[in-house]
C-alpha cells in the first residue's frame, strides 16, 4: 500500500515524522511538569535524540518522551549562518551516543531552557569556549562572560570574522 504515491522508504520517513510529531505534541502538553511549580530547577537524565542547531537538542527521557531543550545562557549561530553547522557539529561530537544530565531552568512555548551536561561538562560552556556561541546579554554567568572574552581575544570560531552577525540580528533580518 502506498501513502501519498511515494516510495517505500519515503513512506517510512513520513510515518517516522508523523510519529515524532505526535510524540512532540503529547509531550509539549505535559512538559510544564518538568519544572516544579515553585520555579526551582529540576534535573533529569536523557539521551540525545537529535541536534537541531548549535544550541538546541531534542532529547528522549526515561519515559521515552521527546523534549526540545535549548542551552541556557547562550545563542549559537543559526544553521544557515557562518559557523552555524560547525556549532551544530560540535554539539553532536560532544553528545553522540551519550546520556546527558538536564537541569531545567524554565519552560517556553515548545521547549525548555536548560543547562545540559555530558558527564560534568557543561555544553553551554563548551560552545562559548570554542567560539561557537554568544553569551546572552541577559546572562549573569561570569564564567561564560569570561570565556567569551577569551575566545574573542584568541579569535576562536566566529570571533575570527571581523564582524560576526549575532543570531538574533540574523533572525530579525530574515523577518523583514
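In mature numbering (1 follows the signal peptide of the UniProt record, and there is no 0), the protein residues as written are -28 to -1, 1 to 148.
Think of the CB as a built atom: it goes at the ideal place given N, C-alpha and C, for glycine as much as any other residue.
These numbers were taken from a predicted model, which means no experiment stands behind them.
Please state whether DSSP places residue 122 in a helix, a strand or coil. Within the chain shown, residue 122 is the residue found at index 150, counting from 1. DSSP places residue 122 in helix when its eight states are reduced to three.
With distances taken from CA atoms, which of 23, 26, 137 and 46 is nearest residue 110? By one-based count along the chain shown, residue 110 stands at place 138. Residue 46 holds the alpha-carbon nearest to the alpha-carbon of residue 110 among 23, 26, 137 and 46.
Looking at residue 90 and residue 119, is the spacing between their C-beta atoms short of 8 angstroms? To locate residue 119, count along the chain shown from 1; it is residue 147. To locate residue 90, count along the chain shown from 1; it is residue 118. No; because the gap between Cβ atoms is not below 8 angstroms, this pair is not in contact.
Taking residue 95 and residue 85 to be in contact with their CB atoms under 8 angstroms, please state how far apart those CB atoms are, rounded to whole angstroms. For this step, residue 95 is matched to residue 123 along the chain shown. For this step, residue 85 is matched to residue 113 along the chain shown. So it is not a contact: roughly 13 angstroms between Cβ atoms.
For residue 76 and residue 42, what's the separation of their Cα atoms in angstroms? Residue mapping note: residue 76 aligns to position 104 of the chain shown, counting from 1. Residue mapping note: residue 42 aligns to position 70 of the chain shown, counting from 1. Residue 76 and residue 42 have their alpha carbons spaced roughly 10 angstroms apart.
Rounded to a whole number of angstroms, what is the C-alpha to C-alpha distance between residue 78 and residue 27? Taking the chain shown and counting its residues from 1, one reaches residue 78 at position 106. Taking the chain shown and counting its residues from 1, one reaches residue 27 at position 55. Their backbone Cα atoms lie some 15 angstroms apart in a straight line.
Run through the stretch 48 to 106 for me and flag every whole beta strand (DSSP E) of 3 or more residues, listed as ranges in chain order. Complete beta strand (DSSP E) runs here, min 3: 71 to 79 and 84 to 90.
Taking the beta carbon of residue 69 as the centre, do at least 16 other beta carbons fall within 10 Å, making it buried, or is it exposed? One-based indexing of the chain shown puts residue 69 at position 97. By the neighbour-count criterion, in which a residue is buried when 16 or more other Cβ atoms sit within 10 angstroms of its Cβ, residue 69 is exposed.
Can you tell me whether DSSP reads residue 144 as helix, strand or coil? Numbered from 1 along the chain shown, position 172 holds the residue referred to as residue 144. It is helical.
Just to confirm, are residue 83 and residue 40 a CB contact at a threshold of 8 angstroms? Position 111 of the chain shown, counted from the start, is the residue given in the question as residue 83. Position 68 of the chain shown, counted from the start, is the residue given in the question as residue 40. Judged by their CB atoms, residue 83 and residue 40 are nearer to each other than the 8 angstroms cut-off.
Would you kindly check if the distance between the Cβ of residue 38 and the Cβ of residue 207 is under 8 angstroms? It is not possible to answer for residue 207, since the shown part of the chain is limited to -28 through 148.
Could you check whether residue 62 and residue 102 sit closer than 8 angstroms to each other, using their CB atoms as the reference points? Here residue 102 is taken as the residue at index 130 of the chain shown, counted from 1. Here residue 62 is taken as the residue at index 90 of the chain shown, counted from 1. Between residue 102 and residue 62, the CB-CB gap stays under 8 angstroms.
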